[in-house]
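Residue numbers for the sequence shown follow this note's numbering, so the first one is 11 and each next one is one higher. Report on the following structure.
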Amino acid sequence: MEVLKQNKFETGENVLKHNDLTFYMLEHESSLKIEHLIDYNAIILDGTDVDFTRTILKKFRSHSNHNYYLKPIFLINYKVLNDPFIEELHDGVILSAEQIPEKSNEVHEIETRITHLDHEPGVTFEIQLFKKIVSFLYTRETRNIKPFPYVYSSIGYTYPIVSVNFDSFEEFRVLEILTWAESENLIWPDFVDRAYFCNSCKAGHLSFREVCPTCDSSNMKSQDLVHHFPCGYIGPISDFRNTIDTNMSCPKCSKNLRHIGVDYDKPSLINHCQNCDEVFQDYLVKAKCVHCKHDGDVQYLLSKNINSYKLTKKGRFAATSGIMGQMSEKEDEIFGSVNSNTFHTMMHYENERMKSNASLKANIAALHLENIFDLTRKLGKIKEKVFLTEMVHIIRENIRTTDFINVTNPSMIFICILDTELATANYYLTKMSDKLKELVNNNFDKFDLHTEFKVEPLQREISFEKQMKELIKFLVESHD
Ligand SMILES: [Zn+2]
Ligand SMILES: [Zn+2]
Ligand SMILES: [Zn+2]
């Protein structure tokens, strides 16, 4: 560590400066908090402790804010390990401070590529997540999403840049996301392996056993079946053995057995259940799920291909131009809100009304719920809708009945507040934002909803579509 604190770099507490860049040295005894690191250009992460290194990398890469998940992170004091999360999620290993100038170029390249990205939030969890993944790949100039066998994954494989966004027991969701991206032609599959999952909980940690067809016990012994040619007797090999020597003789005709293939043969195996005493040739194969204990016939297991993926042209384009998903069904209205078409029409009339009467005013507010998908994806579609309806209800309580709301994208809610002073509108937003945080915190296991908002008077000169776009840009890029 000392080597980094040489005087050719300006150093403060853990801060290294090189030209216009500031690097933050994150030592392995540090706390696991990363929120204070948002403004540094890059992180130098002390890789001495594997668990610490993995945890920090996961915290950054799983963050819902691109200022964290796209942060250049270099490892120091790191010995290469076969941990796919560490290997796939860092930006290079440095041996000493001498390499900072060289890494500075990489930081600049990543930062330049970040400016190309489209930051408009996705309308669904899938789109939001996939944009995050392609943004990372784009800024790192790679196109591959590869699976790695991983003992800590509930499906046995992990795709670090995707999986980092899920808990390990949710790993099956990773395959669902990839299947979705494939169906949207965003990625292209290359077969790697086929994997099997519990049909009850979708975990992949299965214990396979041969079991008795009568009683399901795996307590069985199998032995060769012997066919004696001269007399035609067929029976388990134990019938031919004696307790004195290793010679075998036929229980039917008493002749000694001589050469396999000549006077006798072993046509198959015979199984004997030690539990119910059944003798049988064909056993069943069952798979017991280590996760939920469900024990089922292997024919009922779910199976999925484990593919390696490459971004398609559309997928690469998604980083800089956004994703137009097949989301028409998403546009069903949430009680108390209007869909985006209606919202646009109403805003248009509002604009016209203001043009004809200078004393009228309206405010447009954008409320950014940065990590809302981290919450809703755990709820399932029905509960999600109930939750969004409750959210709209809370927003409604803090505005007037003539004001209107659009929740096409739960992470970016628009509210048009009519005939109200800007300061008052800001006060409304502060109140509803606090109430929403409270609702989430109380009902979802202390989940910390990140909210930000901006309220502006509706402009007469520029189109409100443009104004909305700029509001979005301001909110999602406000930390740059
Ligand atoms: Zn299971
Ligand atoms: Zn015989
Ligand atoms: Zn049995």
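From the three backbone atoms N, C-alpha and C, an ideal C-beta is built for every residue, glycine too.
Using CA atoms only, rank isn't needed, just tell me which of the options is closest to residue i.
i, options, result
"glutamate 116", "Leu31, Ala213, Ser178 and Phe158", "Leu31"
"valine 172", "Gly271, Ile137, Asn451 and Ser40", "Ile137"
"serine 491", "Ala52, Lys43 and Leu216", "The chain is shown only over 11 to 490; residue 491 falls outside these bounds and no answer can be derived."
"leucine 416", "Thr430, Asp429 and His354", "Here residue 416 turns out to be asparagine, not leucine, going by the sequence shown. Of the candidates Thr430, Asp429 and His354, the one whose C-alpha sits nearest the C-alpha of asparagine 416 is His354."
"valine 450", "Ala433, Leu379, Asp273 and Arg470", "Leu379"
"histidine 301", "Gly166, Pro199, Pro277 and Asn367", "Gly166"
"lysine 141", "Tyr79, Asn361 and Asp275", "Tyr79"
"glutamate 121", "Asp101, Val133, Cys283 and Gln109", "Asp101"
"glutamate 431", "Glu466, Glu400 and Asp458", "Glu466"
"valine 244", "Ile482, Lys262, Pro223 and Val133", "A quick correction: the sequence has isoleucine, not valine, at residue 244. Cα-wise, what sits closest to isoleucine 244 is Lys262."
"histidine 493", "Cys211, Ser178 and Ser347", "This structure leaves residue 493 out entirely; the chain is present only between 11 and 490."
"glutamate 471", "Leu55, Ile143 and His358", "His358"
"asparagine 154", "Gly325, Phe414 and Phe84", "Gly325"
"phenylalanine 95", "Ile53, Ile66, Asn281 and Leu468", "Ile66"
"leucine 428", "Met258, Ala375 and Thr399", "Ala375"
"leucine 459", "Val295, Lys445 and Arg183", "Lys445"
"phenylalanine 290", "Asn315, Ala297, Ser278 and Asn317", "Ser278"
"proline 82", "Phe207, Met442, Ile104 and Leu91", "Ile104"
"arginine 64", "Gly346, Glu98 and Phe33", "Glu98"
"threonine 418", "Lys113, Thr125, Leu47 and Val133", "Val133"
"lysine 456", "Phe463, Lys447 and Lys464", "Lys447"
"valine 221", "His282, Leu398, Tyr319 and Thr253", "His282"
"proline 159", "His28, Arg204 and Arg123", "Arg204"
"lysine 89", "Lys27, Thr58 and Asp287", "Thr58"
"serine 164", "Val25, Ser366, Phe179 and Glu288", "Phe179"
"proline 199", "Asn209, Val402, Leu188 and Cys208", "Leu188"
I need the boundaries of the beta strand (DSSP E) containing residue i, first residue and last residue.
i, result
"arginine 219", "216 to 221"
"phenylalanine 457", "Neither: phenylalanine 457 is in no beta strand (DSSP E) and is coded neither H nor E."
"phenylalanine 424", "422 to 428"
"phenylalanine 33", "31 to 36"
"serine 331", "Note, serine 331: premise wrong, no beta strand (DSSP E); alpha helix (DSSP H) at 323 to 331."
"isoleucine 416", "The residue asked about is misnamed: residue 416 is asparagine in this sequence, not isoleucine. First-last of the beta strand (DSSP E) with asparagine 416: 414 to 419."
"leucine 80", "Leucine 80 -> no beta strand (DSSP E), and no H or E assigned at all."
"aspartate 305", "305 to 307"
"isoleucine 244", "244 to 246"
By DSSP, does residue i sit in helix, in strand, or in coil?
i, result
"glutamine 138", "helix"
"serine 369", "coil"
"serine 232", "strand"
"tyrosine 438", "helix"
"tyrosine 359", "helix"
"isoleucine 472", "coil"
"glutamate 487", "coil"
"leucine 55", "strand"
"serine 227", "coil"
"serine 338", "Residue confidence for serine 338 is low, a pLDDT of 45 falling below 50, so the modelled location carries little weight and cannot support an answer."
"threonine 152", "coil"
"serine 350", "helix"
"leucine 312", "strand"
"valine 465", "strand"
"valine 25", "strand"
"serine 443", "helix"
"isoleucine 44", "coil"
"proline 94", "helix"
"threonine 168", "strand"
"isoleucine 86", "strand"
"phenylalanine 239", "coil"
"valine 176", "Sequence check: residue 176 is phenylalanine here, not valine. Coil at phenylalanine 176, not helix or strand."
"phenylalanine 345", "coil"
"serine 145", "helix"
What are the boundary residues of the alpha helix (DSSP H) that residue i is part of?
i, result
"asparagine 373", "Not the alpha helix (DSSP H): asparagine 373 falls in the beta strand (DSSP E), residues 372 to 379."
"histidine 403", "391 to 407"
"leucine 67", "60 to 72"
"isoleucine 382", "382 to 386"
May I ask you to check if the CB of residue i is nearer than 6 Å to at least one heavy atom of ligand 5?
i, result
"isoleucine 165", "This structure lacks ligand 5; the ligands present are ligand 1, ligand 2 and ligand 3."
Who's in the neighbourhood of ligand 1, going by beta-carbon under 6 Å from any heavy atom, listed in chain order? Cys208, Ser210, Cys211, Ala213, Cys299, His301, Cys302 and His304
Please go through the segment 179 to 220 and give each complete alpha helix (DSSP H) segment of 4 or more residues, from N-terminal end onward. 181 to 193
Under a criterion of Cβ closer than 5 Å to any non-hydrogen atom of ligand 3, which residues qualify, in chain order? Cys222, Thr224, Cys225, Ser227, Cys283, Asn285, Cys286 and Glu288
Write down every uninterrupted run of the beta strand (DSSP E) in the segment 263 to 297 whose length is 3 residues or greater and which is fully enclosed by it, in chain order. 274 to 283
Residues proximal to ligand 2 by C-beta, any heavy atom closer than 7 Å: Per the Cβ criterion, the list is His238, Pro240, Cys241, Tyr243, Cys260, Lys262, Cys263 and Lys265.
Could you tell me which whole alpha helix (DSSP H) segments of length 4 or greater appear in the segment 103 to 128? 110 to 126
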